[in-house]
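Okay, so here's the structure we're looking at.
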Amino acid sequence: MSSCHCSMIRVFQCEDTLTGILTGVYDAWDSRLGHENVRLQSGDQENLELFCEYEEVEPDLVKAEKVLGTVRTRLGEEACEMIAYASAYPHAGKADAIYRMIVVGLHLPDGRMVSGMLTHPDVRLVFELRRKTWHMAHRYMGFVRFRELKNGVLFSEIEAEADVLALIAPHFADRLMMEDWAIYDRRRRKAAVHPAGKGWVILEDAKEAFSRLEESEEEPYFDRLWKIFHRALGIASRANPGLQMSFLPRKFRPFMNEFADSKTT
411 MSSCHCSMIR VFQCEDTLTG ILTGVYDAWD SRLGHENVRL QSGDQENLEL FCEYEEVEPD
471 LVKAEKVLGT VRTRLGEEAC EMIAYASAYP HAGKADAIYR MIVVGLHLPD GRMVSGMLTH
531 PDVRLVFELR RKTWHMAHRY MGFVRFRELK NGVLFSEIEA EADVLALIAP HFADRLMMED
591 WAIYDRRRRK AAVHPAGKGW VILEDAKEAF SRLEESEEEP YFDRLWKIFH RALGIASRAN
651 PGLQMSFLPR KFRPFMNEFA DSKTT
């Protein structure tokens, strides 16, 4: 066990979501204990620390929206995006860094300047997490592969390190506007679901809904056709597996039919 500080610190334990973290920001600020006497912590942390008292934070959409509204008004859209993306990346210190960044921004004459204060350690961490999440989301926009199910739904699976579903869903909603599609995140057991011609939603606890799926009769044919096309594009004499791996890491490949002989759900 390690120690926080000599004085008692109130640790607000938040759900590891944007709503959970922003609720923690609201409760920490509202506690009026002083910013030096509070800390935010997201997700499950097994190691409790000395000289700390812990308070569970229940996600509250109203509180989260109030904080987000304040950030948007006082700190600007760039700060909102940084916070949203950073909250999606797995990092033990992200919740507290987001809180500290907001505190710094609200004490500036022009809060919009906070997004560029990369010499500040908390702002720099939020910036780095935002960059990592954006990079991962951008890759999934290119690496997601859909297959057609018996009911006509286009279905894809991912197992992303960061929680990118809400970040990539608008991309596919724009390009597959008139299609029924779903992207299921195995790691988090939730899915982005898009009914044709409508908006997309995030479905939590979706494992049961996507546990037994049947492909359409035409899907194996198109699967083979895509693999043939992929092989035909390759030039054997110019094969460079190392370079290919740098652009398309192995972790993405189990869900891409050009690299898989079979698919399981």
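Convert by adding 410 to the 1-based position in the sequence shown; the result is the number in our numbering. Ideal Cβ positions, reconstructed from N, Cα and C, are used throughout, including at glycine. Computed from a predicted model, the values in this text were never measured in an experiment.
Quiz item: When the distance is taken between beta carbons, is ASP595 closer than 8 angstroms to PRO605?
Solution: Locating residue 605 in the sequence shown gives position 195, counting from the first residue. Locating residue 595 in the sequence shown gives position 185, counting from the first residue. Their beta carbons are not under 8 angstroms apart, which means PRO605 does not touch ASP595 by this criterion.
Practice problem: Within its chain, find whatever has a CB closer than 8 angstroms to the CB of LEU518; leave out the 5 residues flanking it on each side and keep chain order. | Solution: Numbered from its first residue, the sequence shown carries residue 518 at position 108. So the list reads VAL524, once near-sequence residues are dropped.
Quiz item: Using the C-alpha atoms, what's the distance from SER441 back to ALA494?
Solution: Taking the first residue of the sequence shown as 1, we reach residue 494 at position 84. Taking the first residue of the sequence shown as 1, we reach residue 441 at position 31. Cα to Cα, ALA494 sits roughly 23 angstroms from SER441.
Quiz prompt | Minimum C-alpha distance to GLU466 - residue among VAL472, ARG449, LEU478 | solution = What you label residue 466 is simply residue 56 of the sequence shown in a count that begins at 1. Out of VAL472, ARG449, LEU478, ARG449 has the C-alpha closest to the C-alpha of GLU466.
Quiz prompt | Spatial neighbours of ASP532 in its chain, beta-carbon cut-off 6 angstroms, leaving aside the 5 residues before and after | solution = Within the sequence shown, residue 532 is the residue found at index 122, counting from 1. Cβ neighbours of ASP532 beyond the five flanking positions: ALA507, ARG510, MET511.
Quiz item: Cα-Cα, which of GLU625, THR480, ARG549, HIS530 is closest to VAL435?
Solution: In the sequence shown, the residue the question calls residue 435 occupies position 25. Per the Cα distances, THR480.
Self-check item: Chain-order list of residues whose beta-carbon lies under 8 angstroms from that of ALA601 (same chain, five-residue window excluded)
Solution: Within the sequence shown, the letter at position 191 stands for residue 601. The residues are LEU575, ALA592, ILE593, TYR594, ASP595, ILE612, LEU613, ALA616, ALA619, PHE620.
Quiz item: By Cβ distance below 8 angstroms, which residues in the same chain neighbour SER672 in space, the five residues on each side in sequence not counted?
Solution: Working through the sequence shown from its first residue, we reach residue 672 at position 262. At SER672 the pLDDT is 44, less than 50, meaning the model places this residue with poor confidence; the figure from the coordinates comes in the next sentence. Cβ neighbours of SER672 beyond the five flanking positions: none.
Quiz item: Given that a residue counts as buried once 16 or more other Cβ atoms are within 10 Å of its Cβ, and exposed if not, what is VAL563?
Solution: What you label residue 563 is simply residue 153 of the sequence shown in a count that begins at 1. Under this definition VAL563 is a buried residue.
Quiz prompt | Closest by C-alpha distance to SER566, when choosing among LEU539, HIS545, VAL603, ARG534 | solution = For the purposes of this step, residue 566 is taken as the residue at position 156 of the sequence shown. With distances taken between Cα atoms, SER566 lies closest to VAL603.
Quiz item: What first and last residue would you give for the beta strand (DSSP E) that runs through ASP595?
Solution: Taking the first residue of the sequence shown as 1, we reach residue 595 at position 185. Unbroken beta strand (DSSP E) run through ASP595: 591-595.
Exercise. To the nearest angstrom, report how far apart THR483 and THR529 are at their CA atoms.
Key: Residue numbering aside, residue 483 sits at position 73 when the sequence shown is read from its first letter. Residue numbering aside, residue 529 sits at position 119 when the sequence shown is read from its first letter. In a straight line, the C-alpha of THR483 is about 23 angstroms away from that of THR529.
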